[in-house]
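First comes the structure, then the notes that go with it.
In UniProt numbering, the protein residues as written are 1 to 925.
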């Protein structure tokens, strides 16, 4: 009581006059001097702590230096004053709102002027006192949020920094441990050195102990924060990734997801892994674990023994489990080549891995699941892309209902399907795999698919799945449904990946003779009300109709795949034009009715349905056109087959009949028409001379303008390597729905070849296509050949010099060394008296024979090198002559383009000698 009275008198002053807050803070700051008693300093710090929130600026200006001295000198001695000073400094450095933001940063800068403060805080972490350790962690977190880089630099020089941080992770008090995890997240951010230091101090082991102690993937927010710390230590740090693999902890990630660590390739995944109960927090934790696994799979050390098991776990999770859709999508995304953590080819035997899919039992709300027969992962992947998750049963509005517009196009479901297409693209990157898959689609010799009965397995294999979806012929006896359109569209994406950039695969694909499926919309609905997609197998009543003799002439035989697709495309164009006419008629009727009747809601609804159906026909047409563009590129035989199937007429019609608002279809038709004109090099009825008058009648400038409008379309412009789903707000729909129009592979293909088609449309029919000149790829090839010739010529010259040096050394007498003198001394002296013609010594004879053999071999090598050099010089001269001819042709072509009024880019105008002008011209877009 006496102490409080004295303190009150001291603060009040001798005269008892009222004091301002600034005067009080000044007097309290004076009592922080080391000369005063520890109890006085403790009382002053406690008083300043009470004033810090209301008078933050004054306390920081007058008392901050004294508070830092108390921290340095008294915090380790007295826990009470240490707790008070840590809390006071934390209040001063906190950034609460924008008004006090400058004060918090200003006080932080004062605290961090010297490294002594940070070193003291890390030293206080070694204290076992709860308030000291917790207060130090809080202050360090505040300083890291304000000035992270400065604190990180001080940490690297702190004597006890790493050890004290790791020891705080072992604290039995949860509040301290949780605060330590939060602080470590800030400490390791964007600092590879600190990440390495903590990793080698045992941070991984301590964090996984916390995760397991919190229940693993079933844990709460603390387990998630620890997983985020592990991810921060591994991401963008190859050293830590290598060290993590050596610790034996990667299999722990599998166990957290309940996936067995020692599962053999031929053993099925356990049901405990495939069927789990999922809540929001568990999904968040699982997504972090999957992210770490994907990081390890896609890093430089992806060849480790754990990578195949990680890849299988991701595939099982995405294709054969009841995990949430977003988690499945993330698992597949980590197997894509376009992600930031994965750049390698998917070298995993998808066709050999047998998985066991599960589907939900209808009307059980996911409580009961049916286990299906085992299928290969490749078949399941294609089935997922064509039919969607659980073959379209995942959407609750489908269960127990027939076809109709009530089934929403969920963005998450489309993202999952596009991820499946991306994994398939990554798997078939090697031409050998593409060729093997297409070879299985081609009928063997003597086997006419039109005479063979259709295969009726309940779960069709990959090839039947893909061909069924690709060759479905729709009859317009009812409204078109987006489910079937999406299935056909995704089939075109799958097949495009099989034939893209491979002449062998394109040529082989022309030999495919598919069974044609003709489905009406009545047959497309199965008995249980689910809409038929090819992944469901053969629809009830929709038996594949083999091509009969009435449909195909005996001389022609069964239709090829290009002919079937051409017919389906022609039917789609015809149905689209009928829908436009119906829409126009309905709109006119609606306008007439509205003048005589006040209510016209039914007509409005019908108009909306027709517009939606027109949009679906457009998506179907886009799928066919994009696949044909990539197939017929640099494929003259395929172009001839498509032209003989009536492809020219079906493309000219949409170009003539263009909408005022939607140029998408006409732009693609112009692009495909340009490909037909460019690569029409095979003899036939329709030649370049036949197509040229049509181009002139349509107007080359008009065609180029319509083709360029494609890049302005949002459905094309917003496609990226990360996502190809176009999000739209449908009229009358709840929330955002999704659509897929293009994939990134086609967008990149179109942008790379746009200028080639632009130049080709202006080329005379008697000349070769513009692509016959040196494109950017050809220029790069010529440059690489020149470098190869130059290096090989240099190697030949070096070999000649070496041979000449060896010949000179053999001709010069070799000086006798000491060892040679000893050898000659030991050799017996021939007796010239008894043998006037002595024979040479056997050792000398052997050496001479060896030298002669070496000379003969060197002369032969020299002769061979001379022949190779002459041959390479001749090839180089031929290449230079070809390059000169091509350059002269390009100069003439550009002159014709200028005379014709076409634009010639400035970088191509004068720089004829630059092989890279094709790249520069395209880069000006």
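Every residue, glycine too, gets a C-beta built ideally from N, C-alpha and C. If you're wondering where the values come from, they're calculated on a predicted model, not measured in any experiment.
Q) Nearest CA to the CA of residue 739: which residue from 381, 324, 633, 723? A) 723
Q. Buried or exposed: residue 162, going by 16 or more other Cβ atoms within 10 Å of its Cβ?
A. buried
Q: Excluding the 5 residues preceding and the 5 following residue 410 in the sequence, name in chain order all residues of the same chain whose CB lies nearer than 6 Å to its CB.
A: So the list is empty, once near-sequence residues are dropped.
Q: Return the residue from the list 116, 633, 346, 789 that minimises the CA-CA distance to residue 156.
A: 116
Q. Within 10 angstroms of its Cβ, does residue 888 collect 16 or more other Cβ (buried), or is it exposed?
A. exposed
Q. Does the separation of the CB atoms of residue 335 and residue 311 fall below 9 Å?
A. Taking 9 Å as the Cβ cut-off, residue 335 and residue 311 qualify as a contacting pair.
Q.
Please tell me whether residue 642 and residue 757 are closer than 9 Å, where the distance is taken between their beta carbons.
A. no
Q. Near residue 438, which residues of its chain fall below 8 Å by C-beta distance, leaving aside the five closest residues on each side in sequence?
A. 498, 499, 505, 508, 509, 512
Q) Thinking C-alpha only, which one of 108, 40, 626, 385 is nearest residue 64? A) 108
Q. Does the stretch 214-221 come close enough to the stretch 192-205 to have 3 or more Cβ pairs within less than 8 Å?
A. no
Q) When DSSP labels each residue in this structure, what does residue 891 get in the three-state scheme? A) helix
Q: Specify the secondary structure class of residue 699 as computed by DSSP and reduced to three states.
A: Residue state, collapsed to three classes: coil.
Q | Nearest candidate by alpha-carbon position, reference residue 651, set 616, 573, 678 | A | 573
Q.
DSSP has residue 370 in a bridge; who is on the other side?
A. 359
Q) Are the CB atoms of residue 309 and residue 423 nearer to each other than 9 Å? A) Between residue 309 and residue 423, the CB-CB gap reaches or exceeds 9 Å.
Q. In or out: residue 729 buried (at least 16 other Cβ within 10 Å) or exposed?
A. exposed
Q: State the beta-bridge partners of residue 727 as determined by DSSP.
A: DSSP, once it has assigned bridges, lists 738 as partnering residue 727.
Q.
What does the alpha-carbon distance come out to for the pair residue 874 and residue 189?
A. Between the C-alpha atoms of residue 874 and residue 189 there is a straight-line separation of about 59 Å.
Q) Which residue from 742, 354, 370, 389 puts its Cα closest to that of residue 379? A) In terms of CA proximity to residue 379, 354 leads the group 742, 354, 370, 389.
Q | Cβ shell of residue 95 (< 6 Å), same chain only, five flanking positions each side left out | A | 101, 104
Q.
Check this for me: beta carbons of residue 792 and residue 863, under 9 Å apart or not?
A. no
Q: Measure the C-alpha to C-alpha separation of residue 281 and residue 228 and round it to an integer number of angstroms.
A: 14 Å
Q. What first and last residue would you give for the alpha helix (DSSP H) that runs through residue 207?
A. 203-213
Q: Could you pull out every residue in the same chain whose Cβ sits closer than 7 Å to the Cβ of residue 252, ignoring the five residues on either side in sequence?
A: 208
Q: Using the DSSP secondary-structure output, state which residues sit across from residue 375 in a beta bridge.
A: In DSSP, residue 375 forms a bridge with 355.
Q) Between residue 42 and residue 81, is the Cβ-Cβ spacing less than 9 Å? A) yes
Q. Is residue 224 closer than 9 Å to residue 146 when the C-beta atoms are compared?
A. no
Q: From the DSSP output, in three-state form, read off residue 720 for me.
A: Reduced to three states, the DSSP call for residue 720 is coil.
**Q.** Status (buried if at least 16 other CB within 10 Å, exposed otherwise) for residue 83
**A.** buried
Q | Where the alpha helix (DSSP H) containing residue 94 begins and where it ends | A | Residue 94: not part of any alpha helix (DSSP H); DSSP gives it neither H nor E.
(Q) So, with DSSP's three-state summary, where would you put residue 185? (A) In the structure shown, residue 185 adopts helical secondary structure according to DSSP, grouped into three states.
Q) Is the beta carbon of residue 325 less than 9 Å from the beta carbon of residue 415? A) yes
Q: Can you tell me which of 715, 293, 319 puts its alpha carbon nearest to the alpha carbon of residue 254?
A: 293
Q. By Cβ distance, which residues of its chain are closer than 7 Å to residue 390, with the 5 residues on each side in sequence left out?
A. Contacts found: 359, 360.
Q: Taking only the alpha-carbon atoms, compute the straight-line gap between residue 708 and residue 752 and give it to the nearest angstrom.
A: 13 Å
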